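According to my numbering, the first sequence is numbered sequentially starting from 433.
As structure tokens, the structure follows; a few thoughts come after it.
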Amino acid sequence: MTPRSPQSEAKQRTTAILRAVRAIQRGTFASYGEVARRAGLPGRARLVGTVLRESASSVKLPWHRVTGAGGRIAFPAGSRSAREQIRRLDREGVKARGNRVLQKPAASSPRTLDALLWKM
DNA sequence: CGGGTGACAACGT
DNA sequence: AACGTTGCCACCC
Numbered sequence: 433m434t435p436r437s438p439q440s441e442a443k444q445r446t447t448a449i450l451r452a453v454r455a456i457q458r459g460t461f462a463s464y465g466e467v468a469r470r471a472g473l474p475g476r477a478r479l480v481g482t483v484l485r486e487s488a489s490s491v492k493l494p495w496h497r498v499t500g501a502g503g504r505i506a507f508p509a510g511s512r513s514a515r516e517q518i519r520r521l522d523r524e525g526v527k528a529r530g531n532r533v534l535q536k537p538a539a540s541s542p543r544t545l546d547a548l549l550w551k552m
């Protein structure tokens with residue numbers, strides 16, 4: 433839909449990504465790759481990271497609900513950001529050990545989509 | 001145009 | 001489980 437100027441396209445991508453991130457339910461989490469897919473941008477996990485980094489200081493987002501593949505914390509272990517993310521997740525009932533988020537019993541299951549796609 | 005980089009992912013060893 | 005590789009994509013020099 434609509435205009436196809438290079439910058440407006442970039443803007444649309446950003447919007448789609450932010451929307452996908454905001455849609456992650458409290459107490460759940462999703463990987464960069466999954467956020468990208470939900471935003472209609474399969475294969476652009478890195479873009480998700482880029483957008484989050486740029487939006488960090490300008491927009492309020494549940495950024496802590498975005499993890500690396502399989503629940504891995506993307507920030508360096510022990511870094512300020514990593515601890516902050518783990519603390520925020522913990523407050524929502526999502527526990528982590530080391531730099532890895534543990535699966536939450538009933539609530540979040542970021543695996544379901546993959547499970548369906550990959551018949552696991 | 002070419003090379004380096006990064007809040008990534010998948011695969012192999 | 002921990003790395004190293006390769007594929008990707010957008011950006012910046």
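We put the beta carbon where it would ideally sit given N, CA and C, even for glycine.
Please read all numbers here as calculations on a predicted model, not as lab measurements.
| Asked | Found |
| --- | --- |
| Segment contact flag, the region 453 to 472 with the region 486 to 501, C-beta cutoff 8 Å, min 3 pairs | yes |
| First through last residue of the alpha helix (DSSP H) which encompasses R519 | R512 to R523 |
| Backbone CA spacing between R476 and R451 [nearest angstrom] | 15 Å |
| Any non-hydrogen atom of the ligand NAD closer than 7 Å to P474 Cβ | Here there are no bound small molecules, and the ligand NAD is not part of this structure. |
| For S490, three-class secondary structure by DSSP | coil |
| Which listed residue (R523, S487, G530 and D522) has its alpha carbon closest to that of A558 | Lying outside 433 to 552, the shown extent of the chain, residue 558 is not represented and no answer is given. |
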